[in-house]
Amino acid sequence: MPNSDSGGPTSDPGADEKLEGAQFTKEVQAAFRVAGCAGDDSFIPPNIDKAVVDKHCAALKPAFAEYKKEWLDVAMPFIAKLRPANLPTTVVYPFGGGDLVSALATYPDGTEFNTISLETAGDVRGVLKADNKRLARELATLRDHLGKLFLKAHSRTINLDIETHGAIPGEIAYTMAALAIHGFEPVTLRYFSFEPDGTIHWLTAEDIATAEKSGKTGRAGPFANAEIRFKKPGESKIRFLRHVAYDLSNANLAKQPGLLKYLETKPKASTMTKAASHLLWDDANFSTIRNWLMTHTDWMISDTTGVPPRIAKQYGFVQDVYGQYEWPEPFGTVNNKDATEFHNLFKGHEPISFRYGYPDNKSHGHIVVTRKPDMKP
């Protein structure tokens, strides 16, 4: 089928690789400069007053520096000591919308990042026709929400949803901030959908126009899923983020199997999740994605909203825990059995000095590594 591929990992593609589908290069570069405060001034579109961008960046750059000092410089060396060598460079992060910043911190050698959440990527074209007054308000909101992300080490669905229809959609804005913080730059952006067999269909300009004309929006619309290619300045090695807007419930994965078929093309992946509303504890509604994780990874990192101990044991995993954990915050599908098992795992452990997703109900940061017994650092 034209404009389609199998969705499998790309091995070190070059910047000159011929890509299918419509590419939104100037739009994503504009978002990088305007929202992420990085890149060349020539990326600022003519409709946007540079003074608006300068004011935003004067406030945001100190927050970036503080985040690097208080979280990245602490968390990255700690996590590096936990990671085994030679993990897969394909990363899958369910319930991970807007959080490339900690995915890159967790897996700095990753080349393919797949984040999945309910929130759509959004229409990046809005930056080229943004009104300065409205843009200034949206950038102020973005700074506020990034500040909360930096403080809490997880993004909130409500924040991303509010920003989806802005001049620079929340998912894209958060990703631009992540690239700036980690020293990357965007190469291009393109949108895609899944065929029922998991094949990726790269959307053409005609596909997008047809979908808009028919009134398709949200996760059924043309701006639900986006790939953002990025690299280090001066390097040719391309990495990419594929953000997928998808309901990961068992019922939806059975009804719309495209994402699961796509994930099945990845024999092994490095995985992570956090701030996942305890959905992976839910046997009745989220066991399908949990089963995929347990059969396609050998090493996973999470907070306690990840795979519960009873499931890890069932699949032959061991769990190492770091930090302290008394009892869960009341988000999502908490149950006493899994909470008690996690509580017992953490008994006698020393605190850690940073959060990785949700804290417990006493504000303690904590980490759970779910690994096959031979996957030691």
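Just so we're aligned: 127 in UniProt numbering is position 127 of the sequence shown, and the numbers increase by one with no gaps anywhere.
Where a beta carbon is used, it is the ideal one built from N, C-alpha and C, also for glycine.
Since the structure is predicted, the reported quantities are computational estimates derived from the model, not experimental observations.
Per the coordinates, the alpha-carbon of residue 330 lies some 20 Å from the alpha-carbon of residue 249. Residue 229 is bridged by DSSP to 188 and 240. Closest option to residue 268, judged by alpha-carbon separation, among 129, 371, 41 and 49: 371. Relative to residue 182, the option among 108, 212 and 278 whose CA is nearest is 108. Annotation: the continuous beta strand (DSSP E) that includes residue 321 extends over 318 to 323. Less than 9 Å separates the beta-carbon of residue 280 from that of residue 307. A distance of 9 Å or more separates the beta carbons of residue 283 and residue 368. For residue 113, the uninterrupted beta strand (DSSP E) run begins and ends at 112 to 117, by DSSP.
Beta-bridge annotation (DSSP): residue 367 is paired with 322. By the Cβ neighbour-count rule, residue 62 is exposed, with fewer than 16 other Cβ atoms within 10 Å of its own.
Residue state for residue 300 is assigned as strand, using DSSP reduced to three classes.
When rounded, the separation of the alpha-carbon atoms in residue 117 and residue 318 is 27 Å. In the three-state scheme derived from DSSP, where H, G and I count as helix and E and B as strand, residue 107 is classed as coil. In the structure shown, residue 278 falls within a coil segment according to DSSP collapsed to helix, strand and coil. The continuous alpha helix (DSSP H) containing residue 182 extends over residues 170 to 182.
In its chain, beyond the 5 residues on either side, 327 and 328 have a beta carbon closer than 7 Å to the beta carbon of residue 339. Cβ neighbours of residue 273 within its own chain (closer than 6 Å, five residues either side excluded): 94, 95, 302 and 306. Scanning 322, 335, 343 and 374 for the CA closest to the CA of residue 351 turns up 322. For residue 52, the enclosing alpha helix (DSSP H) starts and ends at 50 to 67. By the criterion of a C-beta distance shorter than 6 Å, residue 271 is surrounded in its chain by 92, 293, 297 and 300, once the five residues flanking it on both sides are discounted. In this structure, the alpha-carbon of residue 127 lies about 13 Å from that of residue 50. Looking at 229, 358, 236 and 45, the one whose alpha-carbon comes closest to that of residue 275 is 358. Nearest in C-alpha terms to residue 59, of all of 78, 73, 142 and 87, is 142.
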